[in-house]
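See structure below.
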Amino acid sequence: MTMYLGEQALRVVAGPTRVGYLVTAGDQDQFERAVAMASERWGGAGEPIIQVDPGGTVSDWGQQLLQVLDVAGLVNVGCKSSDAQQVASTAGLLVREEQAFARRDLPRAPTWRTGFAQGWDPVSARPHGPLWEKVAAGLLVGDESARAATEDRAGAAAAWGRTVLDAGLAGLAECSGRSAIPIGPAVIWLTDPDSFEDAAAFWNIRALRQVRFPSRMVLLPVRALTDWIGMEEILRDVVRRSQIGCAPDVVLCSSSIDEATLAGVAETLGLVPERGAKLKFSHSALPVFEPGDPTYLVNVDPAQWLTLERIVGVEDRFRVQVFRENTTLPVLPAKLAQMGTALNRFRFRFDGGFIDQLPRRPPVAAAVNPQCAWRGEMLECEVVPTVGSAMSIKAPSSENVLALLTEHASGALKLSDKGRLANALLNACDTTVLDNRSTLAAITALTTRRPGSWKKVVRELLEQHGPDEAAERMLEDLAGLGGRINRSYRSALRLGADHVTAEERVPVLERLATTGWVERGVEVVCDRCSINYFVTLESLTAGTQCPGCGASARVTTTGHGVECFYRLDAFADRCSDQGVVAHAAIGEVLTRDASFSALHLRVDVTWPDGTPEEVDLFGFLDASVVAGEVKSSAASFTQDQIERDVALSVRLNADVHVMACIEPLDQEALRILAEVCKVRNVAFTVVQPDNAGELVVS
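If you want it as structure tokens, here you go:
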């Protein structure tokens, strides 16, 4: 039966499958072919054109463009195949040749024809027009109906934002980003008509601008203001609409026109130099009318306020009934239905609900749907739209996710013998009781000691208390030592646990009893056997008899009556003896506040070269993969130990390193941890007792 997980709110973002076009550096013909392909695609104005130098090298700026613009693949427009493959390998992307891309990915009709209603007719450049015109307005090679009749018509359409490139951005908006994308000054880019340097720079700068509230960006030949009727007034209107609180209001740029000429154009448009020492941006597209003339600066690089990662698409939110094994999602948001098959293919992304709780790892994405992969914080797949397009997804359980993380870890992970005990304890027992230092100390005091452990006990007592007090404590411990028949048991009066005050003993033991960790009973004393026995309250009869020889026996009493004794459950006693109760306690504290989590405790790691190591915990807490170390003694966290632990977590590809201890950690250890994690570029979290002895995550 399919498990129903309830109704959840999901978000879908359908956006263009952006590509980057690879052209040989300085080749104008290849560049124009790339412009023509981008002009026919949904969101093509946001696709970068990357110049490739011999040997497949790309500038740092080109590599940054591929990342920031969320490019999914590359198109080789004319580079050597080996150079294109080198670029693709460096960027971690697939590359296709121009002809194959045109057959598969160019739409059957330009999207603006069948897409969102624009209220205006988009304009395309003339095929034989100058280079600036093709870059400013876009180029539809086989379509004459949209072509500008004259050069100035193309320039006016570009200034007003009514070109085929603008139409190709129909319905798109920023749906998420690492930080808010500011709205910057208007950019008026002046050029010689066929300046390749200006054309290439402007194309990629414009690709970065915000889509929801785009700042005005205009590419024009410098003669436009003097030769074209009405262009000066159009640019003045651009300036007026750009007064939204930025400083300056306008940036004039050019690689081919000198700054004196740019300043002259600014004066013609009624601009005055910006006197402020610092650029100012806006996050609102509403005009802000301030006293004084609009201001300008020359050749300020717009990339400094535009180079921010973002996801662009058409967003839809809805509630869906989620099932563990099969949930159906519509992949064509209602806002896109009218565009129909004009979209040859697009990227379908979704998040929200259970998706937000999943670790961002490839096998986890594939468990939701084999075609899915993580793209930032969202799941993504490529879709060819059809009528009623939908996809089926699964919601993997925490056990499945942990198994996938374990199977695909960088080393072979396997639970150790103690790890199997620790995980059984964490999953089978009520570990919520293990949330404070007093409880853990009481469990330790009740644990049946192995004969070989007494050397260690005596040594610890001598170090902590000195010989006289140590001898007395040792006799008390020996008196409660379990033998071949009896497990260790104590009364509240005889508990003798460190970190448990006399007032806390009874409440702590009773809390353990009510959660099944200990049994209540009495101590039966047999004078014939000279042995003391623990008998549970449930097994106690009216006539007390020795469990060994059957003779009449007596029970241990105090001045207030029969003394109550406590004994650990057999499984809990075994786990405590093996030193895994602290691990279960830390696991409980870590998972307590996580809505979706699973951990393996005490895991053996075998690296590909055969080197063995052990990690105390590995798993996930919501979307974060975690690994780390658990200690009973704070003194164990030396610098060498911390460096070893963090290096192991990093090698296991953990998002968060955990340092946990059931004793308070000193500030020096925490300082070392922070420094090591900063160097290793990994987040960290600490679990330790607070002032009240409660284990907390910090």
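According to my numbering, numbering within the sequence shown proceeds without interruption in unit steps and concludes at 1377. Note that beta-carbon positions come from the ideal geometry of N, C-alpha and C, so glycine has one too. Predicted model only: the values in this text are computed from it and were never measured.
Query: Cut-off 6 angstroms between Cβ atoms - residues of its own chain near D1256, not counting five sequence neighbours on either side; Result: T1126
Query: Burial state of G685, where buried means 16 or more other Cβ atoms lie within 10 Å; Result: exposed
Query: N-terminal and C-terminal residue of the alpha helix (DSSP H) that I1321 is part of; Result: Q1318 to R1330
Query: Endpoints, the alpha helix (DSSP H) within which W740 is located; Result: D739 to V747
Query: Three or more C-beta pairs below 8 angstroms linking the segment 911-926 and the segment 841-850; Result: no
Query: For S1218 and L1247, the rounded distance between their alpha carbons; Result: 16 angstroms
Query: Residue(s) in a DSSP beta bridge with V901; Result: None; V901 has no bridge partner.
Query: Per-residue DSSP class, three states only, for R915; Result: helix
Query: Proximity winner among R832, I1072, R1003 and E1004, relative to D1030 (alpha-carbon distances); Result: I1072
Query: For A1230, the three-state DSSP class (helix, strand or coil); Result: coil
Query: Sufficient close CB pairs (3 or more, under 8 angstroms) joining the segment 708-720 to the segment 802-816; Result: yes
Query: Chain-order list of residues whose beta-carbon lies under 8 angstroms from that of S761 (same chain, five-residue window excluded); Result: G735
Query: Whether L898 touches V929 by CB criterion (8 angstroms); Result: no
Query: Test item: CB-CB of L931 and L941 under 8 angstroms; Result: yes
Query: Member of H1178, I936, D916 and D1324 whose CA lies at the smallest distance from the CA of V1335; Result: D1324
Query: Per-residue burial, T1007 [other beta carbons within 10 Å of its own, 16 or more giving buried]; Result: exposed
Query: Limits of the alpha helix (DSSP H) - the one that S1095 falls within; Result: No alpha helix (DSSP H) holds S1095; DSSP gives it neither H nor E.
Query: Touching by the beta-carbon criterion (3+ pairs, under 8 angstroms), the segment 1302-1322 and the segment 1332-1351; Result: yes
Query: Proximity below 8 angstroms, CB of P727 to CB of A886; Result: yes
Query: For W721, the first and last residue of its enclosing beta strand (DSSP E); Result: Per DSSP, W721 belongs to no beta strand (DSSP E) and is neither H nor E.
Query: Every unbroken beta strand (DSSP E) within the segment 1232-1302, with a cutoff of 3 residues, ordered by chain; Result: 1244-1247, 1276-1285 and 1291-1300
Query: Neighbourhood of I936 by C-beta distance below 8 angstroms, restricted to the same chain and skipping five residues each side; Result: L869, T870, D871 and V901
Query: Where R1397 falls: helix, strand or coil (DSSP); Result: Because the chain in this structure spans residues 680 to 1377, residue 1397 falls outside the shown range and cannot be described.
Query: Selected residue, minimal CA-CA separation from M716, among C1254, V754, L744 and D739; Result: V754
Query: C-beta atoms of D1109 and G1240 nearer than 8 angstroms; Result: no
Query: Cβ-Cβ distance between Y1168 and F1244 below 8 angstroms; Result: yes
Query: Local Cβ density within 10 Å of P1287, reported as buried at 16 or more and exposed below that; Result: exposed
Query: Backbone CA spacing between G694 and V1309 [nearest angstrom]; Result: 45 angstroms
Query: Paired residues, beta bridge with L931 - DSSP; Result: I867 and V977
Query: Presumed contact (8 angstroms Cβ cut-off) between R775 and P801, rounded CB distance; Result: Actually they do not touch by this definition, with Cβ atoms about 27 angstroms apart.
Query: Buried/exposed call for T974, threshold 16 Cβ in 10 Å; Result: buried
Query: Span separating the alpha-carbon of Y683 from that of V1268; Result: 28 angstroms
Query: Assigned secondary structure, C1340 (DSSP; H/G/I helix, E/B strand, else coil); Result: strand
Query: Validate contact between the segment 1267-1285 and the segment 1093-1101 using beta carbons, cut 8 angstroms, 3 pairs; Result: yes
Query: Beta carbon proximity, S933 to chain C, threshold 8 angstroms; Result: In the structure shown, chain C does not exist; there is a single protein chain.
Query: Beta carbon of Q743 nearer than 8 angstroms to that of A704; Result: no
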